[in-house]
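Be aware that the sequence shown starts at 1, since it is given in the UniProt record's numbering, and climbs by one per residue.
We treat Cβ as the ideally placed atom computed from N, Cα and C, and that holds for glycine.
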Amino acid sequence: MESYSATEVKLNGNSGELPDHLYELYDDGCKELSHEEAMKFKEFLIERKDSFAVPGKKMERATIGEHVIKLSDETPFKEPSRRIPIFKRDTLDNEIEKLNKMFFIKKRCLPPPSKLL
1 MESYSATEVK LNGNSGELPD HLYELYDDGC KELSHEEAMK FKEFLIERKD SFAVPGKKME
61 RATIGEHVIK LSDETPFKEP SRRIPIFKRD TLDNEIEKLN KMFFIKKRCL PPPSKLL
């Protein structure tokens, strides 16, 4: 089974269709493909070239639709806090102090949450 690189197909086929940022993907994907399969793979990439991120270009948000997760019970819940393992507490304290010094977070003294509410 012969392997074809993106440059070989570029020279043999339509030269300007496959965007430059997809050549590496094409090369990796064609390692075990026949020439016919490689051409189909190239057509697939060309048809869907707008689905791939372009390096150096800002990615946009998808506007296709909204994802909905259906639950059997839609009652809101809050998971209880979990204790931090003893061996991780020093590391966590150091990270919190570092964030506090960089003004990413601010210490606040709040009363404990009431169980009555």
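Residue from the options whose Cα sits closest to the Cα of residue i
i	options	result
residue 17	30, 44, 28 and 32	44
residue 107	96, 113 and 87	96
residue 80	94, 32, 113 and 49	113
residue 84	52, 93 and 98	93
residue 47	19, 87 and 102	19
residue 63	55, 51 and 56	51
The alpha helix (DSSP H) enclosing residue i, as first and last residue numbers
i	result
residue 110	Careful: residue 110 lies outside any alpha helix (DSSP H) and carries neither H nor E.
residue 134	Since the first residue of the chain shown is 1 and the last is 117, residue 134 is not available in this structure.
residue 103	Note, residue 103: premise wrong, no alpha helix (DSSP H); not H, not E.
residue 194	No answer is possible for residue 194: the residues shown for the chain start at 1 and end at 117.
residue 42	35-47
residue 28	23-29
Outcome for residue i when other beta-carbon atoms lying within 10 angstroms are tallied against a minimum of 16
i	result
residue 30	buried
residue 22	buried
residue 42	buried
Report task. Mind the definition here: the segment 69-77 touches the segment 30-39 only if three or more C-beta pairs lie below 8 Å; say whether that holds. Result -> no
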